[in-house]
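Undergrad:
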Ligand code: ARG
Ligand code: ZN
């Protein structure tokens, strides 16, 4: 990597953590008046400001048309302030200043989906994190300025719903067919948590009583036809509220909690105080219209945004470099919540799979950054897998080390110390340390260093002395911007199994946190170490990083037989899965013989299927081509990986023989009482169906078509449709047409129709052309763009051929229309430099040609970083 030689961005656009300064003025209160008209919106803001430090009074504002400004009742003339594209500044402002501004904004033409925007026909919503509020009014738009908000919203009565944060204190007529509401939010909050909604929506209502006896009105707003799809979200909300009381002692603090669903949203959802705004994809959940995976996601995102009320809202970030303070902790909390909804092992498997598929590659390439970055050009580019997922892992490591009780003492201390404040990652670790009585300060290294550590392990059994020695070594790839990387604290959870009996051994070692235990945790914080286990009577098989106790790349000198042993005997479901994945990676990337795997899976699976169908379905996982590609650092040829994977899947199908069809015919998802069990049975059924297709079973497409037609469940329907479409079955066309007719008015279901076609292994540039010029394709709806782009990217062979132009053209178009999404989609190409020639040079040339054509900070910063390797 050679970042130093190519300045990544112009120096004056980069913001540095080290330059942080306290705000010059605080805002004691703000009164906002938002009047929406067809062709413009008028915003008046009255800020009661108080000087904190010497300096200019600076208000940030972007794309605002300033009509007037006054201080303490006196209008300012143009010579009395300085105004540029980013800010308005006043020198010599009085120490106590009531600043009133009037601006005009244009939500009706705002395509960036940031600030206040028209989200399709009858709905205006806001997205202000991180820096959208400055597109609504002039304000010190930074998270460490907290204020009490009062909001008046006024619009035509064709928008019956007028919402803002807090309590509704007044509503009434505004003349000329218009009406208004006034909302008061009693708790101080940063501007990024401000929200308002103006629209024509239906509502699902419920109530919840907190542990403190507060009666909370719960409301989910969505389109009328979607209200029946809001019940799962409502249940998840109540469940989250209870869960946070029970696990963290955090009750809710307002009398209402509102959620609004919109189909046009850049991300998943947003935790605005008391008024969450959600992508429909993260609220609407219904067997008939959305998949099992989507239903799980809805529940975890509902919990995520709810949990932010304490980790994010009550205690917020001092500056945006601290983003992982709220996101990492909140993701860790939502993952723990979800572990209670389905098999905990499967939840962990799914979370680690996401980490390995997205965060590890990100951290190994040109976009690598520490969970707490120390500089950025566009903060929107840092809502990354590293900030969210690796951030969550750091918290999990500390929680693992502390154990439940001490971790709770630590979090209690954090809430006690910092409620109502805007704080840093240091504050969090210090509070955990003080509360638990365990010094965790070395974990700060994880927040400040980039890269995935490599953990090399070697085991050695000494028969004579009955001891087992484990050598551990950690290392980090050198990074040009972070020259002195230090050894990190790595909690290594481990177990030893008796190779003869398959039994788990008791651990005898002074190195383990608790002695004489079966599940031990060793805190490894040196570059290298050897630990010794005594009283080991037979050669053991060690299982390391159980439950993935640290986000590292483990290289253990297991034999393939030992991995197959763990596949059969490991009792930690996560490590059972991990052993399978490691074995498969060796087969697929290093040419190891597949037979050991095939034998082990044949022996193990029938029992697991009977006991835990959901876990069984994951044990069939064969690493995706994209993930396998991310494990190759040079001369990557997507076609070679594709061939190896196809060959293995065919071999697996042949090897399993009649078992596949027999299992398919015996599985009855309808008979399962629990959702998570039914989900497992459905997943298995779909796996069996696709394996039958690989066996060339003459009947398979009839069975698939039957499954497609007879089910009322989206996961089953899609599973069957995929088998038909991806194998070009005779029934494929008819089924696709049928799917379209059934779901053409259901945006989330129709997304799947686009996705399946884009993900056809033999898709071509024409396929993409057909889909993107379809009447239902819509470049102003990120979900629809992602359905085609995400589908296409299921097959790296396609991504890296005709897909390159697809992503480049999209980035170019979105650079202007929606740079947040444009920048994200471009990142799909970030591993271009690993490709074999001539592809490598071709993609590089295409990326370089894009450079002079893009203007947004978002896309430019990403492109510059991508090319700086
Ligand atoms: N804080 C939101 C969440 O829960 C994400 C908002 C991201 N928005 C953005 N424009 N990058 O996770
Ligand atoms: Zn979040």
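In UniProt numbering, the protein residues as written are 1 to 869. All C-beta atoms, glycine included, are put in the ideal place defined by N, C-alpha and C. Here the structure is a predicted model, which means the values were calculated and not measured.
Which whole runs of the beta strand (DSSP E) in the region 540 to 578 are 3 residues long or more, in chain order?
TA: 540 to 544 and 553 to 556
Undergrad: Going by DSSP in three states, residue 599 sits in which element: helix, strand or coil?
TA: For the purposes of this step, residue 599 is identified with residue 599 of the chain shown, where counting begins at 1. Residue 599 carries a helical assignment under DSSP once its states are collapsed to helix, strand and coil.
Undergrad: Is it true that the CB of residue 28 sits closer than 8 Å to the CB of residue 48?
TA: Numbered from its first residue, the chain shown carries residue 48 at position 48. Numbered from its first residue, the chain shown carries residue 28 at position 28. In this structure, the beta-carbon distance from residue 48 to residue 28 falls below 8 Å.
Undergrad: Note down the Cα distance separating residue 232 from residue 297, rounded to an integer number of angstroms.
TA: Here residue 232 refers to the residue found at position 232 of the chain shown. Here residue 297 refers to the residue found at position 297 of the chain shown. Using only the alpha carbons, I get a separation of about 11 Å.
Undergrad: Is residue 665 buried or exposed, if buried means 16 or more other CB atoms sit within 10 Å of its CB?
TA: Along the chain shown, one-based indexing puts residue 665 at 665. When all chains shown are included, residue 665 counts as exposed.
Undergrad: Confirm the yes/no value for this check: CB of residue 677, any heavy atom of ligand 1, distance under 7 Å.
TA: If you number the chain shown from 1, residue 677 lands on position 677. Every heavy atom of ligand 1 is 7 Å or more from the Cβ of residue 677, so no.
Undergrad: Taking the beta carbon of residue 856 as the centre, do at least 16 other beta carbons fall within 10 Å, making it buried, or is it exposed?
TA: As a working note, residue 856 is residue 856 in the chain shown. Label assigned to residue 856: buried.
Undergrad: How many whole angstroms separate the CB atoms of residue 721 and residue 756, which I take to be in contact at a CB cut-off of 8 Å?
TA: Position 721 of the chain shown holds residue 721. Position 756 of the chain shown holds residue 756. Their Cβ separation, rounded to whole angstroms, is 6 Å, which keeps residue 721 and residue 756 in contact under 8 Å.
Undergrad: Could you tell me the distance, in whole angstroms, from the CA atom of residue 18 to the CA atom of residue 324?
TA: Stepping through the chain shown from its first residue, residue 18 is reached at position 18. Stepping through the chain shown from its first residue, residue 324 is reached at position 324. Each residue's alpha carbon lies about 17 Å from the other.
Undergrad: Return the residue from the list 555, 827 and 703 that minimises the CA-CA distance to residue 723.
TA: In the chain shown, residue 723 corresponds to position 723, counting from 1. Residue 703 is the option with its Cα nearest to residue 723.
Undergrad: What residues are listed by DSSP as bridge partners for residue 35?
TA: Counting from 1 along the chain shown, the entry for residue 35 is found at position 35. According to DSSP, residue pairing for residue 35 in a beta bridge involves 42 and 154.
Undergrad: Say the cut is 7 Å; is the CB of residue 127 nearer than that to a heavy atom of ligand 1?
TA: The count along the chain shown starts at 1 and reaches residue 127 at position 127. Within the cutoff, so yes.
Undergrad: Assign residue 7 to buried or exposed, taking buried as 16 or more other Cβ atoms, counted over all protein chains shown, within 10 Å of its Cβ.
TA: Against the chain shown, residue 7 aligns to sequence position 7. Confidence at residue 7 is low in this model, with a pLDDT of 39, below 50, so the placement of that residue is unreliable and no value is reported for it.
Undergrad: I need the DSSP call for residue 682, collapsed to helix, strand or coil.
TA: As a first step, residue 682 is located in the chain shown; it is residue number 682 there, counting from the start. Helix.
Undergrad: Are at least three pairs of beta-carbons, each pair with one atom in the region 301 to 311 and one in the region 359 to 372, less than 8 Å apart?
TA: no
Undergrad: Looking at residue 682: is its Cβ nearer than 8 Å to the Cβ of residue 340?
TA: Here the question's residue 682 lines up with position 682 in the chain shown. Here the question's residue 340 lines up with position 340 in the chain shown. Taking 8 Å as the Cβ cut-off, residue 682 and residue 340 do not qualify as a contacting pair.
Undergrad: Would you call residue 37 buried or exposed, if buried means 16 or more other Cβ atoms sit within 10 Å of its Cβ?
TA: Locating residue 37 in the chain shown gives position 37, where the first residue counts as 1. The residue is exposed, with fewer than 16 neighbouring Cβ atoms inside 10 Å.
Undergrad: Would DSSP call residue 509 helix, strand or coil?
TA: The sequence position of residue 509 within the chain shown is 509, counting from 1. Coil.
Undergrad: Between residue 304 and ligand 3, is the CB less than 7 Å from at least one heavy atom?
TA: Although ligand 3 was asked about, the structure shown includes only ligand 1 and ligand 2 as ligands.
Undergrad: Just to confirm the assignment: which complete alpha helix (DSSP H) runs, minimum length 4, are found wholly within the region 327 to 358?
TA: 344 to 354
Undergrad: On the criterion of 16 or more Cβ atoms from any shown chain inside 10 Å, does residue 838 qualify as buried, or is it exposed?
TA: Taking the chain shown and counting its residues from 1, the one referred to as residue 838 is at position 838. Classification of residue 838: exposed, given that the 10 Å Cβ count is below 16.
Undergrad: With a threshold of 8 Å on Cβ separation, who are the neighbours of residue 593 within its own chain once the five nearest residues in sequence on each side are excluded?
TA: Sequence index remark: in the chain shown, residue 593 carries index 593 (1-based). Sequence-distant partners of residue 593 (beyond 5 residues in either direction) whose C-beta falls short of 8 Å from its own C-beta, in its chain, are 560 and 587.
Undergrad: What ranges does the beta strand (DSSP E) occupy inside the region 41 to 85, keeping only unbroken runs of at least 3 residues that lie completely in it?
TA: 41 to 51, 57 to 60 and 65 to 71
Undergrad: Give the DSSP bridge partners of residue 227, in chain order.
TA: Indexing the chain shown from 1 puts residue 227 at position 227. Paired residues: none, contrary to the question.
Undergrad: Once you ignore the five residues that flank residue 553 on each side, which residues in its own chain have a CB closer than 8 Å to its CB?
TA: Here residue 553 refers to the residue found at position 553 of the chain shown. So the qualifying residues of the chain are 360, 452, 453, 454 and 455.
Undergrad: Hey, how far is the Cα of residue 436 from the Cα of residue 428?
TA: Within the chain shown, the letter at position 436 stands for residue 436. Within the chain shown, the letter at position 428 stands for residue 428. Looking at the two C-alpha atoms, the distance is approximately 12 Å.
Undergrad: For residue 692 and residue 797, what's the separation of their Cα atoms in angstroms?
TA: Within the chain shown, residue 692 is the residue found at index 692, counting from 1. Within the chain shown, residue 797 is the residue found at index 797, counting from 1. Cα to Cα, the separation comes out at about 24 Å.
Undergrad: Using only alpha-carbon positions, find the residue among 578, 249 and 270 that is nearest to residue 415.
TA: Against the chain shown, residue 415 aligns to sequence position 415. Checking every option, the nearest Cα to that of residue 415 belongs to 249.
Undergrad: Which full runs of the alpha helix (DSSP H) of 4+ residues lie inside the region 291 to 327, going along the chain?
TA: The region 291 to 327 contains these whole alpha helix (DSSP H) runs: 292 to 307.
Undergrad: Could you check where the beta strand (DSSP E) with residue 205 kicks off and where it finishes?
TA: For the purposes of this step, residue 205 is identified with residue 205 of the chain shown, where counting begins at 1. Its beta strand (DSSP E) spans residues 202 to 209.
Undergrad: Going along the chain, which residues of its own chain have a beta-carbon closer than 8 Å to the beta-carbon of residue 374, five neighbours each way excluded?
TA: Along the chain shown, one-based indexing puts residue 374 at 374. Answer for residue 374: 16, 17, 18, 321 and 448, listed in chain order.
Undergrad: So, at 6 Å on beta carbons, what are the nonlocal neighbours of residue 286 in its own chain, with the 5 sequence-adjacent residues on each side left out?
TA: As a first step, residue 286 is located in the chain shown; it is residue number 286 there, counting from the start. Cβ neighbours of residue 286 beyond the five flanking positions: 229.
Undergrad: Using only the heavy atoms of ligand 1, determine whether one of them is closer than 7 Å to the beta carbon of residue 688.
TA: The residue you call residue 688 lines up with position 688 of the chain shown. Because no heavy atom of ligand 1 lies under 7 Å away, the Cβ of residue 688 does not count as near it: no.
Undergrad: Can you tell me the Cβ-Cβ gap for residue 194 and residue 167, rounded? I've got them flagged as a contact below 8 Å.
TA: As a position in the chain shown, residue 194 is number 194, starting the count at 1. As a position in the chain shown, residue 167 is number 167, starting the count at 1. That pair is no contact at about 15 Å.
Undergrad: Say whether the region 156 to 163 touches the region 250 to 257, bearing in mind that this needs 3 or more beta-carbon pairs closer than 8 Å, one atom from each stretch.
TA: The answer is no - the region 250 to 257 does not touch the region 156 to 163, with fewer than three Cβ pairs under 8 Å.
Undergrad: Is residue 271 near ligand 1, in the sense that its beta carbon is under 7 Å from a heavy atom of that ligand?
TA: Taking the chain shown and counting its residues from 1, the one referred to as residue 271 is at position 271. Residue 271: yes, Cβ under 7 Å from ligand 1.
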